[in-house]
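This report concerns only the one structure given below.
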Amino acid sequence: MPPPHSARTYPFLSTPFVARLFKLALCASVVALAGCAATQSRQTADASSNHLLRDSYLLSTQSDPLGAWLDSKDQLDINYPQSDNPSSQIPKTMAATAMKFLGVKYRYGGDAPGEGFDCSGLVAYAAEKSLGLKLPRTASSQAQEGISIDRGELRRGDLVFFNTRGRRFSHVGIYLGNHQFVHAPRTGAAIRVESMDIAYWRKRYNGARRLKAQPDTAQR
1032 MPPPHSARTY PFLSTPFVAR LFKLALCASV VALAGCAATQ SRQTADASSN
1082 HLLRDSYLLS TQSDPLGAWL DSKDQLDINY PQSDNPSSQI PKTMAATAMK
1132 FLGVKYRYGG DAPGEGFDCS GLVAYAAEKS LGLKLPRTAS SQAQEGISID
1182 RGELRRGDLV FFNTRGRRFS HVGIYLGNHQ FVHAPRTGAA IRVESMDIAY
1232 WRKRYNGARR LKAQPDTAQR
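Here the sequence shown is numbered in my numbering, starting from 1032 and rising by one per residue.
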């Protein structure tokens, strides 16, 4: 009489059956490993893409914590001066004058295109060329010119001021619309456009002024 639990009593424990089970298990393992490899590959690609975006941001800002340099008008949604007649002269506006110097290096005390600009130098130059105004040379003095404007009333060409050195009105830029402004940031950087919604600028914003053009001069 055969002993209990013998191969004859349980034929599924025969060697061919076990071999088939082993093959099925092996196939399932291969499929699972392939799936894991594909997932890992996608994760690696996503991580690489994120690193590229980060590196691109740092390169464009030169590791500047003040925000990205948005030097493309397609990104800014700014109303640039346009004319249906190519031969007509485009009005010289304060904002458009400043925008011509995007990429020019910051220079402390600079107030002319050939030497570079600091923040108040850029504003003074643009105001004189477009409005015929002789503004004071410092940002704090420029904050006394024109009339005070609430943030919700900002228009293209208004001056926007920030506390960047522990004192009010220590930095100035020119508002462009759509929460963007053009300015000369700091030593080592260049004239650029930034968003006032960036946390750095939002926390340091402390007022705006609207200038009045001299007779026979263009609007802002």
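For every residue, glycine included, the Cβ atom is placed at its ideal position computed from N, Cα and C.
* Asked: Under the three-state reduction of DSSP, which class applies to residue 1243: helix, strand or coil?
  -> Within the sequence shown, numbered from 1, the residue matching residue 1243 stands at position 212. Here residue 1243 sits in coil by DSSP.
* Determine the DSSP secondary structure at residue 1183, reduced to helix, strand or coil. => Sequence index remark: in the sequence shown, residue 1183 carries index 152 (1-based). Reduced to three states, the DSSP call for residue 1183 is helix.
* Roughly how many whole angstroms lie between the Cα atoms of residue 1144 and residue 1132? -> If you number the sequence shown from 1, residue 1144 lands on position 113. If you number the sequence shown from 1, residue 1132 lands on position 101. For residue 1144 and residue 1132, the distance between alpha carbons rounds to 8 Å.
* Measuring alpha carbon to alpha carbon, tell me which of 1191, 1158, 1167, 1231 ends up nearest residue 1295. => The structure shown has nothing for residue 1295, since the chain only spans 1032 to 1251.
* Run of the alpha helix (DSSP H) containing residue 1154, from where it starts to where it stops -> Translated into the one-based positions of the sequence shown, residue 1154 becomes position 123. First-last of the alpha helix (DSSP H) with residue 1154: 1150–1162.
* Run of the beta strand (DSSP E) containing residue 1223, from where it starts to where it stops -> The sequence position of residue 1223 within the sequence shown is 192, counting from 1. Here the beta strand (DSSP E) through residue 1223 covers 1223–1226.
* To do: Indicate whether at least one CB of chain D lies closer than 8 Å to the CB of residue 1209.
  => In the structure shown, chain D does not exist; there is a single protein chain.
* DSSP three-state assignment for residue 1206, whether helix, strand or coil -> For the purposes of this step, residue 1206 is identified with residue 175 of the sequence shown, where counting begins at 1. DSSP places residue 1206 in strand when its eight states are reduced to three.
* Asked: DSSP three-state call for residue 1236: helix, strand or coil?
  -> The residue labelled residue 1236 in the question sits at position 205 within the sequence shown. Residue 1236: strand per DSSP, three-state reduction.
* Span of the alpha helix (DSSP H), counted from its first residue to its last, around residue 1173 -> Walking along the sequence shown from the start, residue 1173 turns up at place 142. That run of the alpha helix (DSSP H) goes 1170–1173.
* Which same chain residues, not among the five before or five after residue 1215, have their C-beta less than 6 Å away from its C-beta? -> Counting from 1 along the sequence shown, the entry for residue 1215 is found at position 184. 1137, 1148, 1149, 1150, 1153, 1222, listed in sequence order.
* **Counted within 10 angstroms of its Cβ, other Cβ atoms place residue 1179 as buried (16 or more) or exposed** => The count along the sequence shown starts at 1 and reaches residue 1179 at position 148. By the neighbour-count rule (16 or more Cβ atoms within 10 Å), residue 1179 is not buried but exposed.
* Terminal residues of the continuous beta strand (DSSP E) containing residue 1166? -> On the sequence shown, residue 1166 is found 135 positions in, with the first residue counted as 1. Element bounds for residue 1166: n/a, residue is neither H nor E.
* Counted within 10 angstroms of its Cβ, other Cβ atoms place residue 1211 as buried (16 or more) or exposed -> Translated into the one-based positions of the sequence shown, residue 1211 becomes position 180. That one is buried.
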